[in-house]
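K.L.:
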Amino acid sequence: MGRALPVKAALLMAGLLIGGCSWRGPQPLEAWKAVGSSDDIVALDEAAHRLVAVQTKAQDRTADGRLRLRLELANLSDKDLPVQVQTRFRDASGAVIGDDTPAEMVVLPAQGSKAYQAISLRTDAAAYTVSVNTVQKR
Amino acid sequence: MHRTAILALLLVGCAAKTKKATYVDPDAVGQVEGTGLEARDIRAVSSQMARELLGSPMLASFEGVPRVAVTPVKNRTRFLIDQEIFTTLITDTLVQNAAGKVAILDRSIVEQIMAEREMKREGTADHAGLKALAGADYFLSGEVRGLSASTDKAQSDYVVIRFQLTDAETGIVGWSNSYEMKKEGSWGVLYQ
Numbered sequence: 001m002g003r004a005l006p007v008k009a010a011l012l013m014a015g016l017l018i019g020g021c022s023w024r025g026p027q028p029l030e031a032w033k034a035v036g037s038s039d040d041i042v043a044l045d046e047a048a049h050r051l052v053a054v055q056t057k058a059q060d061r062t063a064d065g066r067l068r069l070r071l072e073l074a075n076l077s078d079k080d081l082p083v084q085v086q087t088r089f090r091d092a093s094g095a096v097i098g099d100d101t102p103a104e105m106v107v108l109p110a111q112g113s114k115a116y117q118a119i120s121l122r123t124d125a126a127a128y129t130v131s132v133n134t135v136q137k138r
Numbered sequence: 001m002h003r004t005a006i007l008a009l010l011l012v013g014c015a016a017k018t019k020k021a022t023y024v025d026p027d028a029v030g031q032v033e034g035t036g037l038e039a040r041d042i043r044a045v046s047s048q049m050a051r052e053l054l055g056s057p058m059l060a061s062f063e064g065v066p067r068v069a070v071t072p073v074k075n076r077t078r079f080l081i082d083q084e085i086f087t088t089l090i091t092d093t094l095v096q097n098a099a100g101k102v103a104i105l106d107r108s109i110v111e112q113i114m115a116e117r118e119m120k121r122e123g124t125a126d127h128a129g130l131k132a133l134a135g136a137d138y139f140l141s142g143e144v145r146g147l148s149a150s151t152d153k154a155q156s157d158y159v160v161i162r163f164q165l166t167d168a169e170t171g172i173v174g175w176s177n178s179y180e181m182k183k184e185g186s187w188g189v190l191y192q
């Protein structure tokens, strides 16, 4: 009986540790303080969440009225990091409008950053969700 | 009898190990990949080109609806690629999303169109009104170029996919855009 409690406690601790480390995505990417919230840019896996940050974010309209998004994604690791970036455009109510870009491969240089741009096809695009995932073979 | 049973068991065992083909996301990194163009590259290029082309000043400043003839992409790489994939995807994107902004001309069936026109004019076929054949205001052309390097164990490929919009009257290039990619890997993948 005296031993049962420490064993249970150890098991509980192990469970908490494992549970705490497990990935519960998608989660917003870390934004650098100057950028503010980046809830519309999410990491789809734990590595992307840990290693990729949004350095700058800007959006405007093209001359023909389509939404254009410009991001600077930073690699916080000391190795080149290939990631896939995809943008899903939404209307003002947040509904999807069938305007998704294909997942584009972007190789983020070690401790560096790279620009990513996505332009909507439709003028009713008013919002977006950008998803970032590290490249993993099936 | 005993031998037949063993043979049957072996056959069943082999059949069970055969992996069935499965549907995969065309943007995903697959198990069979080399240093050449993959499905996701083609999709990314086509989407990016169509999206940026629509915003080109040449088309935006055109009075009326500009007519664009899409010409076949030239492949100058060592890879065997169906070049029509690019033009098919770009045309689809433009037709579905740029109605009223751009008109796409189909030059691939011009012989059939001419034959149909002739039949209508001869009275062999009826018609709901004769029209002039639409002329192109612009040509959208593209090419794929590559630079390869290899050792006996590894391969490196740098590929540039470029598209441009040329004024069909003046020959002036009003828009162009390139997509670059570089891959390194081991030998062993055959593109076909």
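Taken in sequence, the protein lines are chains A and B.
The first sequence: position 92 = 92 (this note's numbering), numbered continuously.
The second sequence: position 94 = 94 (this note's numbering), numbered continuously.
Think of the CB as a built atom: it goes at the ideal place given N, C-alpha and C, for glycine as much as any other residue.
So which of A:Q84, A:H49, A:R70, A:T56 has the shortest CA-CA distance to P26 of chain B?
P.N.:
A:Q84
K.L.:
Relative to the alpha-carbon of R70 of chain A, which residue among A:P109, A:S113, A:A47 has its alpha-carbon at the smallest distance?
P.N.:
A:S113
K.L.:
Does DSSP classify I172 of chain B as helix, strand or coil?
P.N.:
coil
K.L.:
Do the stretch 52 to 63 of chain B and the stretch 125 to 136 of chain A meet, that is, are 3 or more Cβ pairs less than 8 angstroms apart?
P.N.:
Remark: fewer than three beta-carbon pairs, one from each stretch, lie closer than 8 angstroms, so the stretch 52 to 63 of chain B and the stretch 125 to 136 of chain A are not flagged as touching.
K.L.:
Who are M181 of chain B's beta bridge partners in DSSP?
P.N.:
B:V159
K.L.:
At a Cβ cut of 7 angstroms, what residues of the stretch 95 to 110 of chain A count as close to chain B, listed as they run along the chain?
P.N.:
T101, P102, A103, E104, M105
K.L.:
Taking C-beta pairs closer than 9 angstroms, name the residues in chain A that L147 of chain B reaches, listed in chain order.
P.N.:
Correct list: empty, because the minimum Cβ distance to chain A is about 17 angstroms.
K.L.:
When the Cα of A74 of chain A is compared with those of A:A95, A:T123, A:S22, A:K57, which residue comes out closest?
P.N.:
Comparing Cα positions, the closest option is A:K57.
K.L.:
For F86 of chain B, name the three-state secondary structure that DSSP assigns.
P.N.:
helix
K.L.:
Any beta-carbon of chain B closer than 9 angstroms to the one on S120 of chain A?
P.N.:
Under the 9 angstroms criterion on CB atoms, S120 of chain A is classed as interfacial with respect to chain B.
K.L.:
Can you pull the DSSP bridge partners for L69 of chain A?
P.N.:
According to DSSP, L69 of chain A bridges with A:Q59, A:A118.
K.L.:
Could you confirm whether any beta carbon from chain A is found closer than 9 angstroms to the beta carbon of T166 of chain B?
P.N.:
no
K.L.:
What does E52 of chain B touch in chain A if you count any residue whose Cβ is under 8 angstroms from its own?
P.N.:
I119
K.L.:
Determine the contact status of D40 of chain A and V106 of chain A, defining contact as a CB-CB distance below 9 angstroms.
P.N.:
Taking C-beta atoms as the reference points, D40 of chain A and V106 of chain A fail to come closer than 9 angstroms.
K.L.:
Out of B:G185, B:Y138, B:K120, B:V160, which has the shortest C-alpha to C-alpha gap to D167 of chain B?
P.N.:
Of the listed residues, the one whose Cα sits closest to D167 of chain B is B:Y138.
K.L.:
Less than 6 angstroms between C-beta atoms, sequence neighbours within five positions excluded: which residues of the same chain meet that for E180 of chain B?
P.N.:
Correct list, in chain order: V160.
K.L.:
For D45 of chain A, which of helix, strand or coil comes out of DSSP?
P.N.:
coil
K.L.:
List the residues that DSSP assigns as beta-bridge partners of F79 of chain B.
P.N.:
DSSP, once it has assigned bridges, lists no residue as partnering F79 of chain B.
K.L.:
Given this structure, state the Cα-to-Cα distance separating S47 of chain B from V29 of chain B, to the nearest angstrom.
P.N.:
18 angstroms
K.L.:
Do F79 of chain B and G142 of chain B count as a contact pair if the criterion is CB distance below 9 angstroms?
P.N.:
no
K.L.:
Taking 9 angstroms as the CB-CB limit, is P57 of chain B close to chain A?
P.N.:
yes
K.L.:
What residues in its chain sit with their C-beta under 8 angstroms from that of V42 of chain A, if we drop five residues either side in the sequence?
P.N.:
G25, P26, Q27, P28, L29, T129, V130, S131, V132
K.L.:
If you check the beta carbons only, do L130 of chain B and R117 of chain B fall under 9 angstroms apart?
P.N.:
yes
K.L.:
Using a Cβ cut-off of 9 angstroms (strictly closer), state whether M181 of chain B contacts chain A.
P.N.:
Yes, M181 of chain B counts as interfacial toward chain A.
K.L.:
Between R122 of chain A and T101 of chain A, is the Cβ-Cβ spacing less than 9 angstroms?
P.N.:
no
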